[in-house]
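Student:
Protein chains: 2
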Amino acid sequence: MTRWSIGDLAKASGLTVRTLYHYDEIGLVVASERTTSGHRRYTPEDVRRLYQVRSLRQLGLSLDEVRTALSRSDSLRPIFEAQLAALTKQAQQVEALRSRLAALLDGHTTESLLSTLEMMSVYESYFTADQLDDLRSRAAALGQEAVEGLKTSWLELVKQLRQHMADGTPATDPRVVELSRQWDELGAKFTGGDPAIQAAAQRSWEENKSAISTQIGWPSDDGLVDYVNQARAAR
Amino acid sequence: MTRWSIGDLAKASGLTVRTLYHYDEIGLVVASERTTSGHRRYTPEDVRRLYQVRSLRQLGLSLDEVRTALSRSDSLRPIFEAQLAALTKQAQQVEALRSRLAALLDGHTTESLLSTLEMMSVYESYFTADQLDDLRSRAAALGQEAVEGLKTSWLELVKQLRQHMADGTPATDPRVVELSRQWDELGAKFTGGDPAIQAAAQRSWEENKSAISTQIGWPSDDGLVDYVNQARAAR
DNA sequence: ACTTGAACCTCCCGCAACGGGAGGTCCTAC
DNA sequence: GTAGGACCTCCCGTTGCGGGAGGTTCAAGT
Chain A
1 MTRWSIGDLA KASGLTVRTL YHYDEIGLVV ASERTTSGHR RYTPEDVRRL
51 YQVRSLRQLG LSLDEVRTAL SRSDSLRPIF EAQLAALTKQ AQQVEALRSR
101 LAALLDGHTT ESLLSTLEMM SVYESYFTAD QLDDLRSRAA ALGQEAVEGL
151 KTSWLELVKQ LRQHMADGTP ATDPRVVELS RQWDELGAKF TGGDPAIQAA
201 AQRSWEENKS AISTQIGWPS DDGLVDYVNQ ARAAR
Chain B
1001 MTRWSIGDLA KASGLTVRTL YHYDEIGLVV ASERTTSGHR RYTPEDVRRL
1051 YQVRSLRQLG LSLDEVRTAL SRSDSLRPIF EAQLAALTKQ AQQVEALRSR
1101 LAALLDGHTT ESLLSTLEMM SVYESYFTAD QLDDLRSRAA ALGQEAVEGL
1151 KTSWLELVKQ LRQHMADGTP ATDPRVVELS RQWDELGAKF TGGDPAIQAA
1201 AQRSWEENKS AISTQIGWPS DDGLVDYVNQ ARAAR
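Protein sequences appear in the order of chains A and B. With this note's numbering, letter number 149 in the first sequence gets 149, and the count goes up by one each step, no holes. With this note's numbering, letter number 211 in the second sequence gets 1211, and the count goes up by one each step, no holes.
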């Protein structure tokens, strides 16, 4: 009967000696025999088990799952099915991440990346996953450029409104009222007019009046929202 | 200026208090202030950083990558591109695993699962990744049933050859010679006639003459291969 | 028979990103 | 003034090994 030394077995199986030690330690693949001096001797039976372990590992099972799988052969199928489900789920998640990242990358300049992410992150606390999906798919439907256009328009609007505030233009001034109308129009394009999403956005604003504005990089809660609200009331 | 307690910030951000401790420990998001008694006070600036960290984490970056990304904004794009590449690769790997597992599951009975895996595992030590891909794609091309048919034929062949050996039929007997021809034919179907793959298979046999046969569950190296070799020589 | 270098042995620390508990202090509300 | 949260700082555990220290043993060459 051939016995294998740990080094030879490592070479044959493509695993490292350290890994074999580890499997021995946790009792997953134990060398059935030892020389008098304590060197491990793997029997063909041990080798066979090691190859089984290796195959199961290559399917992505954890060492614990491998142990269970090898303990009773009738547990193989359910474990495999669970693993298949897990892999399917994982594939979807990875794919979702990948497409988000890809979309981000080809639609943004370096500078806008972080702030965009930050806003998304903040908003994700307030929208449900479905609503976010909705927002994203709407963005996808509008197309990259259209979304960029909306963002630029919004930044432009904010700039003009702030200018008027600084100039002391009353909120009832027709120019400001017009800007507030554009503000709502833009918001409608983003939210798609969905009242639930608008409500969530509104809630987001209220709960973060000061916090959010600081986070986004505005000097502080400068009353812009109140200003717009006044202008809207004047319509 | 609003300061946030760690608990409130945890609730607002959806992270756990423990996570915030962790980020503080490793210096990723540190509470800039402390009360006299040592309680953390997060400034709006800290909160903003936390949200940035959260967004980057949601893209699958490691904490170290996040740290780098936030250190200089010009490192964002390369990091994102690397992450996209990593995700793409991961997606492919997961998908490969998934399809292998799915194929295994709907093509095998519970009992045959382990031994099939085991054989694959053993062979994977002797074939290169490309050759294995080749074998798998060939198997896919032949279709599930055809592959099953080949396997059954092979088992049948082995059974008959063993019978002849047990009966003492000489290897030069025409019936045995015919079986050896079928053996080679079957092998050619599996290997697709690729000499490199055939050589690898041959090498596999030689290096494992005794070990492999025991691993696969055969009583021992019973000389079947030699017997076939003799029969082949008689052709 | 002796030496030497490779292979082997047993601890033990380390990784990523936290989870969770112990044991103590603090804050806030009644 | 007291209860019960919320907060603090250690510290151990997780997964699947990698890698090093420090010591023993094996196999081959002289």
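No residue lacks a Cβ here, since even glycine has one placed at the ideal position from N, Cα and C. Since this is a predicted model, take the numbers as computed values, not measurements.
Under 8 Å, CB to CB, which of the residues in the segment 75-106 of chain A have a partner in chain B?
Tutor: L76, R77, F80, E81, Q83, L84, L87, T88, Q90, A91, V94, E95, L97, R98, R100, L101, A102, L104, L105
Student: Taking contact to mean at least 3 C-beta pairs separated by less than 8 Å, is the segment 87-106 of chain A in contact with the segment 41-52 of chain A?
Tutor: no
Student: Can you find the residues in the same chain that come closer than 7 Å, C-beta to C-beta, to A/A234, ignoring five residues on each side of it along the sequence?
Tutor: A171, T172, V177
Student: Would you please state the rounded distance, in angstroms, between the beta carbons of A/A31 and A/D46? I believe it to be under 8 Å.
Tutor: Indeed, because the Cβ distance is near 6 Å, the residues count as touching under 8 Å.
Student: Compile a chain-ordered list of the residues in the segment 1058-1072 of chain B whose CB is closer than 9 Å to at least one CB of chain A.
Tutor: Answer in chain order: Q1058, L1059, G1060, A1069, L1070.
Student: Between B/E1033 and B/S1073, what straight-line distance do the alpha-carbon atoms span, to the nearest angstrom?
Tutor: Approximately 25 Å between the Cα atoms of the pair.
Student: Should A/A85 go down as buried or exposed, given a rule of 16 or more other Cβ atoms within 10 Å for buried?
Tutor: Its Cβ having fewer than 16 others within 10 Å, A/A85 is exposed.
Student: Determine whether the beta carbon atoms of A/G60 and A/L87 lie at a separation below 8 Å.
Tutor: yes
Student: So B/L1009 packs on B/Y1042, CB below 8 Å; how close in whole Å?
Tutor: 5 Å
Student: Within 10 angstroms of the Cβ of A/Q83, are there 16 or more other Cβ atoms? Answer buried if so, exposed if not.
Tutor: buried
Student: Going by Cα to Cα distance, which pick from B/W1004, B/H1022, B/R1018 is closest to B/R1040?
Tutor: Considering only alpha carbons, the answer is B/W1004.
Student: What number of angstroms, rounded off, separates the C-alpha of B/P1265 from the C-alpha of B/A1166?
Tutor: Since the first residue shown for chain B is 1001 and the last is 1235, residue 1265 of chain B is missing from the structure and cannot be characterised.
Student: Distance check for A/R57 and B/A1103, CA to CA, integer angstroms please.
Tutor: 17 Å
Student: For the segment 16-50 of chain A, which segments carrying the alpha helix (DSSP H) assignment without a break, of at least 4 residues, lie completely within its bounds, in sequence order?
Tutor: With a minimum length of 4 residues, the continuous alpha helix (DSSP H) runs that stay inside the segment 16-50 of chain A are 17-25.
Student: Quick test of your reading: B/I1006 and B/V1017, contact by CB under 8 Å. State the CB separation rounded to the nearest angstrom.
Tutor: 6 Å
Student: What does A/W4 pair with, by DSSP beta-bridge criteria?
Tutor: Bridge partners of A/W4: A/Y42.
Student: Helix, strand or coil for A/D64 per DSSP?
Tutor: helix
Student: In three-state terms, what does DSSP make of A/A91?
Tutor: helix
Student: Please classify B/P1044: is it buried, with 16 or more other beta-carbons within 10 angstroms of its beta-carbon, or exposed?
Tutor: Under the 10 Å beta carbon count, B/P1044 is surrounded by 16 or more other beta carbons and is classified as buried.
Student: What number of angstroms, rounded off, separates the C-alpha of A/S180 from the C-alpha of A/A231?
Tutor: 6 Å
Student: Please list, in chain order, all residues of the same chain as B/T1035 whose beta carbon is under 7 Å from its beta carbon, the five residues on each side excluded.
Tutor: If we look at B/T1035 and ignore the five residues flanking it on each side, its Cβ neighbours are R1041.
Student: For A/I79 and A/Y23, what's the separation of their Cα atoms in angstroms?
Tutor: Between A/I79 and A/Y23, the C-alpha separation is close to 20 Å.
Student: As a quick exercise: from A/R100, A/D106, A/E81, A/R98, pick the residue whose alpha carbon is nearest that of B/S1099.
Tutor: A/E81
Student: Going straight from the alpha carbon of B/L1101 to that of B/R1067, what length do you get?
Tutor: 37 Å
Student: Give me the residue from A/Y227, A/K89, A/R77 with the minimum Cα distance to B/L1105.
Tutor: A/R77
Student: Flag A/V147 as yes if its beta-carbon sits less than 8 Å from any beta-carbon of chain B, otherwise no.
Tutor: At A/V147, the pLDDT of 49 sits below 50, so the modelled position is not reliable and the matter cannot be decided from this model.
Student: Around the Cβ of A/S13, are there at least 16 other Cβ atoms within 10 angstroms (buried) or fewer (exposed)?
Tutor: Buried, because 16 or more other Cβ atoms sit within 10 Å of the Cβ of A/S13.
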